[in-house]
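*Asks:* Heads up: the protein sequence lines correspond to chains P and A, in order. So the first sequence is residues 1 to 213, counted in this note's numbering. So the second sequence is residues 1001 to 1213, counted in this note's numbering. Even glycine gets a Cβ: it sits at the ideal position worked out from N, Cα and C. Here's a structure for you.
Number of protein chains: 2
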Amino acid sequence: MREVFQQSLREVQERLVEIAELVVGTITDATNAFGDSDVALAERVIDSADQIEELGSALDQLTIDILARQQPVASDLRLVVGALRMSASLERMADLAQHIAQLARYRYPESAIPRGLKKTFTRMGALDVEMAGKVAELLRTQEASVIVEIRDLDDDLDELHAKVFEKVLSDKLTDNPTGVVDATLASRYHERFGDHAVSVAKQMQFFLSGTMD
Amino acid sequence: MREVFQQSLREVQERLVEIAELVVGTITDATNAFGDSDVALAERVIDSADQIEELGSALDQLTIDILARQQPVASDLRLVVGALRMSASLERMADLAQHIAQLARYRYPESAIPRGLKKTFTRMGALDVEMAGKVAELLRTQEASVIVEIRDLDDDLDELHAKVFEKVLSDKLTDNPTGVVDATLASRYHERFGDHAVSVAKQMQFFLSGTMD
């Protein structure tokens, strides 16, 4: 029985890692589709987010089965409950990648990136990709040091988010309301992506230490 | 033991209702602060969202205790697991009310609502308030018919969200990038608020019927 239970917990962890790795691929593709106005790649991102949602739902069902049948306690319970929340965050990260890809698709063949913001969005995309990679690493290794790295990356992302607004509200874009909308939404999506990565990190911290701070 | 357990489940439900009712107050105040550029009211909204987060964390702890000590099954388990997710959605609704209030505060003494969009945002705010009220009603009464009402309200909200973009991208706001940013963000916040109300409704459907669709 204990062996079956340990196997279930390993499966929860493996499935979280699997979903997180798919999120890495999705945000990488979304960032490239957005940067290069690659509409075919954008379509693929939009499809893959649905796949991640299905895997998330299947994982939720597994965790509910474990709660019902195996009554975990202490850190095992924290992992199972945490998995429910982490899968929700990972799904939201995939949704946000999808939204970024949708912006690229809407504006095609134009670019969704207003002039003067190309470098900033390239950097935001790279930060999102790096954060997603760190989330997958954290889920795989359960190394607490990765939590700190994720929080630091999120601080960098928040700074860039503030910078986008400064730029958009400067006088450079007054003849381009579409650019203002796109930059506002894209920046918000990137920033929220980082917030969800931090949520996963917090859940792992709760799992590893039993406290949320 | 069974009596203690039933009491715990009632407490979960009561706390969800309590949080949902606070969300109704918060989104009502946020909508008024945004519509009237009332900076004092905006400050109160920003404070109340933190209170809701604390209540949400306390409820999460209660549900984890119940999972650990009382090993619920079937619909009881669905309620407890659902409570974890619903509290997260209610907290996000409060966050979004906070973001709406922040927009009002940033622009004060100017209005955050660009000209020509006052009526649309008044309607979006009213829809958010109504949806939050329906969420509280659903949690209190557990009446499946309310789920349908919430979904219908969300459809209305999505239509208005699309309308805001049409308006913003028409040629009326080209001299007002701040207005474009504010309208884009505010509309997105309202739309996400509705999405989270629908998430709560879906969780209640799962609790009531055992299926997600």
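Run through DSSP, which three-state label would residue 1112 of chain A get?
*Replies:* If DSSP states are grouped into helix, strand and coil, residue 1112 of chain A belongs with coil.
*Asks:* Below 8 angstroms between beta carbons: does that hold for residue 138 of chain P and residue 147 of chain P?
*Replies:* Cβ atoms of residue 138 of chain P and residue 147 of chain P: closer than 8 angstroms.
*Asks:* May I have the straight-line CA-CA distance separating residue 149 of chain P from residue 121 of chain P, to the nearest angstrom?
*Replies:* Using only the alpha carbons, I get a separation of about 21 angstroms.
*Asks:* When you check each C-beta in the segment 47-72 of chain P against every C-beta of chain A, which residues fall closer than 7 angstroms?
*Replies:* The segment 47-72 of chain P vs chain A, Cβ under 7 angstroms: 64, 67, 68, 71.
*Asks:* Rounded C-beta distance between residue 196 of chain P and residue 48 of chain P? I'm assuming under 8 angstroms.
*Replies:* Not confirmed; about 17 angstroms, so no contact.
*Asks:* If distances are taken between C-alpha atoms only, which option among P:39, P:22, P:73, P:37 comes closest to residue 6 of chain P?
*Replies:* Ranking P:39, P:22, P:73, P:37 by Cα distance to residue 6 of chain P puts P:73 first.
*Asks:* Any chance you could list the alpha helix (DSSP H) runs of at least 4 consecutive residues sitting entirely within the segment 85-141 of chain P, in chain order?
*Replies:* List check, alpha helix (DSSP H) in window: 118-141.
*Asks:* Go ahead and label residue 1095 of chain A buried or exposed: buried means 16 or more other beta carbons lie within 10 angstroms of its beta carbon, across all protein chains shown.
*Replies:* Buried, by the Cβ-count rule.
*Asks:* Is the Cβ of residue 85 of chain P closer than 8 angstroms to any Cβ of chain A?
*Replies:* Output row for residue 85 of chain P: interface = yes.
*Asks:* Tell me which residues of the segment 1145-1167 of chain A have at least one Cβ-Cβ distance to chain P shorter than 9 angstroms, keeping chain order.
*Replies:* So the close ones are 1165.
*Asks:* Is it right to say residue 1202 of chain A is buried, meaning 16 or more other beta carbons lie within 10 angstroms of its own, or is it exposed?
*Replies:* Buried, since its Cβ has 16 or more Cβ neighbours within 10 Å.
*Asks:* Excluding the five sequence neighbours on either side, which residues of its own chain have a C-beta within less than 8 angstroms of the C-beta of residue 1127 of chain A, listed in chain order?
*Replies:* 1153, 1156, 1157, 1160, 1190, 1194, listed in sequence order.
*Asks:* Quick test of your reading: residue 1100 of chain A and residue 1052 of chain A, contact by CB under 8 angstroms. State the CB separation rounded to the nearest angstrom.
*Replies:* Incorrect: roughly 14 angstroms between the Cβ atoms, too far for contact.
*Asks:* Where does residue 105 of chain P land, buried or exposed, given buried means 16+ other C-beta within 10 angstroms?
*Replies:* When all chains shown are included, residue 105 of chain P counts as buried.
*Asks:* Return the Cβ separation of residue 1067 of chain A and residue 185 of chain P in integer angstroms, given the expectation that the two are a contact with Cβ distance under 8 angstroms.
*Replies:* Rounded, the Cβ-Cβ distance is 38 angstroms, inconsistent with contact.
*Asks:* Taking buried to mean at least 16 other C-beta atoms within 10 Å of its own C-beta, is residue 141 of chain P buried or exposed?
*Replies:* Looking at its Cβ environment, which holds fewer than 16 other Cβ atoms inside 10 Å, residue 141 of chain P is exposed.
*Asks:* Using only the alpha-carbon positions, how far apart do residue 1180 of chain A and residue 1045 of chain A sit?
*Replies:* Answer to the nearest angstrom: the Cα atoms are 24 angstroms apart.
*Asks:* Residues of chain P with a CB under 7 angstroms from the CB of residue 1180 of chain A: which are they?
*Replies:* Correct list: 177, 180, 181.
*Asks:* So does the segment 1028-1043 of chain A actually touch the segment 30-46 of chain P, counting three or more Cβ pairs closer than 8 angstroms?
*Replies:* These segments do not touch.
*Asks:* What's the call for residue 134 of chain P, buried or exposed, on a 16-neighbour Cβ count within 10 Å?
*Replies:* Buried, by the Cβ-count rule.
*Asks:* Tell me whether the beta-carbon of residue 178 of chain P lies closer than 8 angstroms to the beta-carbon of residue 1169 of chain A.
*Replies:* Contact flag set, yes.
*Asks:* Quick one: which chain B residues come within Cβ less than 7 angstroms of residue 184 of chain P?
*Replies:* Annotation note: the requested chain B is absent from the structure, which comprises protein chains P and A.
*Asks:* On the criterion of 16 or more Cβ atoms from any shown chain inside 10 Å, does residue 14 of chain P qualify as buried, or is it exposed?
*Replies:* Burial call: exposed.
*Asks:* Quick one: is residue 1209 of chain A buried, meaning 16 or more other Cβ sit within 10 Å of its Cβ, or exposed?
*Replies:* Result: exposed.
*Asks:* Just list the alpha helix (DSSP H) runs in the segment 1044-1081 of chain A, keeping only unbroken ones of 4 residues or longer that don't cross its boundaries, in chain order.
*Replies:* Whole alpha helix (DSSP H) segments, 4+ residues: zero.
*Asks:* Which residues of chain P have a Cβ atom closer than 8 angstroms to the Cβ of residue 1169 of chain A, listed in chain order?
*Replies:* Those are 177, 178, 181, listed as they occur along chain P.
*Asks:* According to DSSP, simplified to helix, strand and coil, what is residue 1021 of chain A?
*Replies:* The answer is helix: DSSP assigns residue 1021 of chain A an H, G or I state.
*Asks:* Applying the 10 Å Cβ sphere with the 16-neighbour rule, what's the burial state of residue 4 of chain P?
*Replies:* It counts as exposed.
*Asks:* Span of the alpha helix (DSSP H) holding residue 1143 of chain A?
*Replies:* Per DSSP, residue 1143 of chain A belongs to no alpha helix (DSSP H) and is neither H nor E.
*Asks:* Excluding five sequence neighbours on each side, which residues of the same chain lie with their C-beta closer than 6 angstroms to the C-beta of residue 1113 of chain A?
*Replies:* Answer for residue 1113 of chain A: 1121, listed in chain order.
*Asks:* Taking only the alpha-carbon atoms, compute the straight-line gap between residue 1123 of chain A and residue 9 of chain P and give it to the nearest angstrom.
*Replies:* Cα to Cα, the separation comes out at about 47 angstroms.
*Asks:* Taking 8 angstroms as the CB-CB limit, is residue 1015 of chain A close to chain P?
*Replies:* Taking Cβ atoms only, chain P never reaches closer than 8 angstroms to residue 1015 of chain A, which makes this a no.
*Asks:* Answer with buried or exposed for residue 61 of chain P, where buried requires no fewer than 16 other C-beta atoms within 10 angstroms of its C-beta.
*Replies:* Exposed is the call here.
*Asks:* Roughly how many angstroms lie between the CA atoms of residue 83 of chain P and residue 63 of chain P, to the nearest whole one?
*Replies:* So the two alpha carbons sit approximately 7 angstroms from each other.
*Asks:* Please work out which residues of its chain come closer than 7 angstroms, Cβ to Cβ, to residue 33 of chain P, disregarding the five sequence neighbours upstream and downstream, and give them in chain order.
*Replies:* Excluding sequence neighbours, residue 33 of chain P sits near 41, 42, 45, 101, 104.
*Asks:* Return helix, strand or coil for residue 1199 of chain A, following the three-state DSSP convention.
*Replies:* Of the three classes helix, strand and coil, the one that applies to residue 1199 of chain A here is helix, per DSSP.
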